[in-house]
Amino acid sequence: MASKSPIKNPVAGSKILYIGVDMGTNHTAISTSDGKKNSIFSVVGTPRDAVASKFLQKEYLYGQDALTHRVALNLFKPIEDGILKNQPEDITAAKGLIEHVLQSVNGDRDILKYAIIGVPARASVLSKKTVMDMAGEFFDGVMVASEPFCVAYKLGKLEHTLVVDIGAGTTDLCRVHGTLPGPDDQISTNKAGNYIDREFVQHIQDSYTDVRVTLEMARKWKEQYSYVGDTKKDIIVELRVNSSILKLSVTKELKQACESILPDIVSGISKLISTYEPDFQDTLRSNIYLAGGGSQIMNLPEVLEKHMELFGGGKVSIFKDPVYGGADGALKLAMDMPGAFWQTT
């Protein structure tokens, strides 16, 4: 269910900037009604000491800038498993992220701003309130809405559609049937991109006991080579050990890691289909869309369709924009909401 914060009444004839935000575990994406977009890593850095502060000439660094200088910074990742952490330092970091991405798209100018922020499918009432309280000072009106529903809204698939949004922190499944989704229409699991990274590191270390692999290395390799099912090529990665380069075959390890998220996705799809209106179950199973970064895993639609043969089959397609799909959908939803909705009651 969407929620909104108390806001100012718009002045008749005033220009309004509508904004969609997808605040994810790894990336924060923003899309505005004047056609501007940006996406950055969801990380904030502050200098560790006076020397770092003088060297960097900044008190806060965001996104790639923070990662580039991370050895001189205290890093904050305010989103964990798709949820905004509720500690003061994380709230401050999240506010900084919102302010930074707003500035990057010229969204900080003095104009009425109405925003929708995507949250995980089964985000708690407290989590939604935390997001709205955090973002409220930047917008004249702010709502939260289910991230996979935002994707469906962008697709224009608002009836008998099932969206599987595979992000970094969560995999969210949402059944769409012409209204805002309720709790029974949504399933969320923490087995997503970051889970794959951890599994990948563990499998590599099990196979190569003397090799040290970081989560950052695993993430980069996953983003380049991820697959499920079968592949005809051997996946070789390079790892620097002392002064030499070591080449490792990680084909089996990557397959095991990527396939570790499949059982929860398959069981979620099965549950949302089996509990749907019987007359429309066949339509629903033929309209399944993958979104988020995890949708780019090679062979994923075909492998899911193979698993679905056990409960009647189905058709799985990929939403083509894994970066801005959620933000664009949130923007479209914000623009389509009636003006009265944004006014205080």
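Position one of the sequence shown corresponds to residue 1 (our numbering), numbered consecutively onward.
A virtual CB, placed ideally from N, CA and C, is assigned to each residue, including glycine.
This one's a predicted model, so the numbers in the text were calculated from it and none came from an experiment.
With DSSP collapsed to three states, give me the class of Met337. The residue given as residue 337 occupies position 337 in the sequence shown. In this structure, Met337 counts as coil in the three-state DSSP scheme.
Return the bridge partner residues of Val119 from the DSSP annotation. Within the sequence shown, numbered from 1, the residue matching residue 119 stands at position 119. Val119 pairs with Ser146.
Which of helix, strand or coil does DSSP assign to Glu80? Against the sequence shown, residue 80 aligns to sequence position 80. Looking at Glu80 - three-state DSSP - the assignment turns out to be strand.
Under the three-state reduction of DSSP, which class applies to Pro47: helix, strand or coil? For the purposes of this step, residue 47 is taken as the residue at position 47 of the sequence shown. The answer is strand: DSSP assigns Pro47 an E or B state.
Would you kindly check if the distance between the Cβ of Ser42 and the Cβ of Pro78 is under 8 Å? As a first step, residue 78 must be located in the sequence shown, where it is residue number 78. As a first step, residue 42 must be located in the sequence shown, where it is residue number 42. Yes, the pair counts as a contact, with Cβ atoms nearer than the cut-off.
Is there contact between the region 101-118 and the region 19-29, where contact requires at least three CB pairs shorter than 8 Å? yes
Could you check what DSSP says for Ile261 in three-state terms: helix, strand or coil? The sequence position of residue 261 within the sequence shown is 261, counting from 1. In this structure, Ile261 counts as coil in the three-state DSSP scheme.
Are the beta-carbon atoms of Ala29 and Gly326 separated by less than 8 Å? The count along the sequence shown starts at 1 and reaches residue 29 at position 29. The count along the sequence shown starts at 1 and reaches residue 326 at position 326. Cβ distance < 8 Å, so Ala29 and Gly326 count as in contact.
Is Lys157 near Tyr289, with beta carbons less than 8 Å apart? Counting from one through the sequence shown, the residue named residue 157 turns up at place 157. Counting from one through the sequence shown, the residue named residue 289 turns up at place 289. Closer than 8 Å, so yes.
Does the distance from the C-beta atom of Gly82 to that of Thr170 stay below 8 Å? Along the sequence shown, one-based indexing puts residue 82 at 82. Along the sequence shown, one-based indexing puts residue 170 at 170. Yes, Cβ-Cβ distance for Gly82 and Thr170 is below 8 Å.
Nearest-angstrom Cα separation, counted from Asn26 out to Ile16: As a position in the sequence shown, residue 16 is number 16, starting the count at 1. As a position in the sequence shown, residue 26 is number 26, starting the count at 1. Using only the alpha carbons, I get a separation of about 29 Å.
So, Asp172 versus Glu147, is the Cβ gap smaller than 8 Å? Residue mapping note: residue 172 aligns to position 172 of the sequence shown, counting from 1. Residue mapping note: residue 147 aligns to position 147 of the sequence shown, counting from 1. Contact flag set, yes.
Which residue's Cα is closest to the Cα of Thr231: Lys255, Gly96, Val213, Lys128? Here residue 231 refers to the residue found at position 231 of the sequence shown. Comparing Cα-Cα distances from Thr231 to each of Lys255, Gly96, Val213, Lys128, the minimum goes to Lys255.
Residue span of the beta strand (DSSP E) that contains Gln186, given as start and end: Here the question's residue 186 lines up with position 186 in the sequence shown. First-last of the beta strand (DSSP E) with Gln186: 186-189.
On the criterion of 16 or more Cβ atoms from any shown chain inside 10 Å, does Ile269 qualify as buried, or is it exposed? Here the question's residue 269 lines up with position 269 in the sequence shown. Counting Cβ neighbours within 10 Å, Ile269 comes out buried, since at least 16 surround it.
Which whole-angstrom value describes the C-beta separation of Ala257 and Val163, a residue pair presumed to lie in contact below a C-beta threshold of 8 Å? Counted from its first residue, the sequence shown places residue 257 at position 257. Counted from its first residue, the sequence shown places residue 163 at position 163. At roughly 23 Å, the Cβ-Cβ gap does not stay under 8 Å, so Ala257 and Val163 are not in contact.
Along the chain, where does the beta strand (DSSP E) containing Val21 start, and where does it finish? As a working mapping, residue 21 is identified with position 21 in the sequence shown. From DSSP, the beta strand (DSSP E) with Val21 extends over 16-23.
Report yes if the C-beta distance between Leu331 and Ser104 is below 8 Å; otherwise report no. Taking the sequence shown and counting its residues from 1, one reaches residue 331 at position 331. Taking the sequence shown and counting its residues from 1, one reaches residue 104 at position 104. It is not a contact, given that the beta carbons lie outside the stated cut-off.
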